[in-house]
Amino acid sequence: MEATVIGAGLAGSEAAWQLARRGVRVTLREMKPEKKTPAHTTEYFAELCCSNSLRSDQLENAVGLLKEELRRLDSLILSCADATRVEAGGALAVDRHGFARMVTERVAGHPNITVVPGEVTDFPEGEVVTASGPLTSDILAERLRELLGEESALHFYDAAAPLVSAGSVDMEKAWMGSRYDRGTADYVNCPMDEAEYDAFWQELIRAEEAEVHGFEDKQVFEGCMPVEVMARRGRETLCYGPLKPRGLKDPRTGKEPYAVVQLRRDNREGSIYNLVGFQTHLRFPEQKRVFSMIPALHDAEFLRYGVMHRNTFLNSPRLLDRYYRLKKESRITFAGQMTGVEGYVESAASGFLAGVELARRLRGLPPADFPRETAVGALALYVSNESVTAFQPMNINFGIMPPLDHRVRGKRNKNAELSRRSLELIEGLRGTVLEGITE
Numbered sequence: 027m028e029a030t031v032i033g034a035g036l037a038g039s040e041a042a043w044q045l046a047r048r049g050v051r052v053t054l055r056e057m058k059p060e061k062k063t064p065a066h067t068t069e070y071f072a073e074l075c076c077s078n079s080l081r082s083d084q085l086e087n088a089v090g091l092l093k094e095e096l097r098r099l100d101s102l103i104l105s106c107a108d109a110t111r112v113e114a115g116g117a118l119a120v121d122r123h124g125f126a127r128m129v130t131e132r133v134a135g136h137p138n139i140t141v142v143p144g145e146v147t148d149f150p151e152g153e154v155v156t157a158s159g160p161l162t163s164d165i166l167a168e169r170l171r172e173l174l175g176e177e178s179a180l181h182f183y184d185a186a187a188p189l190v191s192a193g194s195v196d197m198e199k200a201w202m203g204s205r206y207d208r209g210t211a212d213y214v215n216c217p218m219d220e221a222e223y224d225a226f227w228q229e230l231i232r233a234e235e236a237e238v239h240g241f242e243d244k245q246v247f248e249g250c251m252p253v254e255v256m257a258r259r260g261r262e263t264l265c266y267g268p269l270k271p272r273g274l275k276d277p278r279t280g281k282e283p284y285a286v287v288q289l290r291r292d293n294r295e296g297s298i299y300n301l302v303g304f305q306t307h308l309r310f311p312e313q314k315r316v317f318s319m320i321p322a323l324h325d326a327e328f329l330r331y332g333v334m335h336r337n338t339f340l341n342s343p344r345l346l347d348r349y350y351r352l353k354k355e356s357r358i359t360f361a362g363q364m365t366g367v368e369g370y371v372e373s374a375a376s377g378f379l380a381g382v383e384l385a386r387r388l389r390g391l392p393p394a395d396f397p398r399e400t401a402v403g404a405l406a407l408y409v410s411n412e413s414v415t416a417f418q419p420m421n422i423n424f425g426i427m428p429p430l431d432h433r434v435r436g437k438r439n440k441n442a443e444l445s446r447r448s449l450e451l452i453e454g455l456r457g458t459v460l461e462g463i464t465e
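Residue numbers (my numbering): 27 to 465.
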């Protein structure tokens, strides 16, 4: 049994791992380190480009449920994330380089996986999992258009946030804490009063943007919108978004500031922090000038500026089935953000399902169908739902899962009950999903 996996991001690494564990000999094609995308900086697999957070770890949140499902099903990505986590309140954040290094070591060290570096320019013969990512190289993207049709390969623009050194933050103008005091004091909170915020906002909306071919505001995915685009939507927009002060009381005043910029630890040592929600495509000098107007960041050392890059995704409802297989050529499976699942955990989940189902097919076993009541199943069924119109990338959310058949009072209680229902189904599927693992 053999298969090729194209791309060693989160989805490709997960798919290769799940295939290899079930006795499939995998050729993993990864263009790094010979060639990198504009968003990548290291030679490691599963490199996190935008943020080091895998978002909420609470079961009242849909992504928290998705992570727990993957944990119970022995996901490589969740195992490595848990092993390299850094404190982030109720979220799962990781040491960015430690996480990618661990994934790389485990994948490259598996006896059933052969890593072949270099850019892929066409689909090889045999079974293929294409997880080349939202930054698929131009040559392979053109081959996709030839295979699928011009209207089937779509694109939007995505942005990454800047990183600053912890030692350059003025802690006399900031404090450590988490929103509503959840978890430990994991975030650096940089407050602004109304006058400081107004001056910052005025400069932000006027700041000069870097040139990005084809960029228009309407193409920016709402879940990863550049901070300057958000600011242009109104003076108070940021105060209801990434600069929201709710639940953050300044210990020096006992009151909530007018606006708060949060910094989240980006590595285990706590020497690097990222500006939460500050994805941007401003010119680098403008980022330095405007973001240094935040009082606690007046002398900030920027270790990486924010960048803007194109993301590519497929018109999946027309093209893919519930196993992420190409309807017109079932030997080709897709996984990751190019399928229209949005987010790190969602990408890993698609790679997990693609790898498990391909291994079962190669072994002559029936599919381990994940129902819509599970987060893993809901994502796959969303991206393959032909009734979806104006298809856009989607994070996991309880809205794409069936409602409960009984009433539960309160949103958090209802979400917790949806998670309980899902995890019961996952436990029932666990034996089938883990069938055939040889290690």
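The beta carbon of each residue, even a glycine, is placed where N, CA and C say it ideally should be.
State the start and end residues of the unbroken beta strand (DSSP E) segment that holds residue i.
| i | result |
| --- | --- |
| residue 138 | From DSSP, residue 138 is part of no beta strand (DSSP E); its letter is neither H nor E. |
| residue 158 | Residue 158 -> no beta strand (DSSP E), and no H or E assigned at all. |
| residue 82 | 79-82 |
| residue 287 | 285-291 |
| residue 213 | 213-218 |
| residue 54 | 51-56 |
| residue 28 | 28-32 |
| residue 261 | Premise fails: residue 261 is in no beta strand (DSSP E) and is neither H nor E. |
| residue 208 | Looking at the DSSP string, residue 208 is not in any beta strand (DSSP E), and its letter there is neither H nor E. |
| residue 8 | Here the chain comprises residues numbered 27 to 465, so residue 8 is not present and cannot be evaluated. |
Can you give me the start and stop residues for the alpha helix (DSSP H) that residue i sits inside?
| i | result |
| --- | --- |
| residue 271 | Run containing residue 271: none; DSSP gives neither H nor E here. |
| residue 458 | 437-459 |
| residue 305 | Unbroken run through residue 305: none, as it is neither H nor E. |
| residue 106 | 102-109 |
| residue 310 | 310-317 |
| residue 203 | Careful: residue 203 lies outside any alpha helix (DSSP H), inside the beta strand (DSSP E) at 201-203. |
| residue 486 | Nothing can be reported for residue 486, as the shown portion of the chain is limited to 27 through 465. |
| residue 342 | 342-345 |
| residue 118 | Per DSSP, residue 118 belongs to no alpha helix (DSSP H); it is in the beta strand (DSSP E), 117-120. |
| residue 39 | 36-47 |
Hey, how far is the Cα of residue i from the Cα of residue j?
| i | j | result |
| --- | --- | --- |
| residue 208 | residue 83 | 12 angstroms |
| residue 350 | residue 186 | 27 angstroms |
| residue 316 | residue 229 | 6 angstroms |
| residue 342 | residue 216 | 41 angstroms |
| residue 314 | residue 464 | 52 angstroms |
| residue 122 | residue 78 | 6 angstroms |
| residue 331 | residue 237 | 15 angstroms |
| residue 389 | residue 173 | 28 angstroms |
| residue 127 | residue 433 | 46 angstroms |
| residue 368 | residue 375 | 11 angstroms |
| residue 445 | residue 401 | 9 angstroms |
| residue 293 | residue 192 | 11 angstroms |
| residue 410 | residue 170 | 18 angstroms |
| residue 257 | residue 218 | 16 angstroms |
| residue 403 | residue 397 | 5 angstroms |
| residue 460 | residue 356 | 23 angstroms |
| residue 412 | residue 344 | 6 angstroms |
| residue 391 | residue 462 | 10 angstroms |
Measure the CB-CB distance between residue i and residue j and report whether it falls below 8 angstroms.
| i | j | result |
| --- | --- | --- |
| residue 80 | residue 109 | no |
| residue 377 | residue 56 | no |
| residue 92 | residue 125 | no |
| residue 348 | residue 407 | yes |
| residue 252 | residue 305 | yes |
| residue 46 | residue 165 | no |
| residue 438 | residue 99 | no |
| residue 254 | residue 308 | yes |
| residue 113 | residue 29 | no |
| residue 95 | residue 449 | yes |
| residue 54 | residue 141 | yes |
| residue 447 | residue 399 | yes |
| residue 295 | residue 233 | no |
| residue 362 | residue 43 | no |
Could you tell me whether the stretch 148-166 touches the stretch 29-36, using the rule of 3 or more Cβ pairs below 8 angstroms?
yes
Touching by the beta-carbon criterion (3+ pairs, under 8 angstroms), the stretch 314-329 and the stretch 182-202: yes
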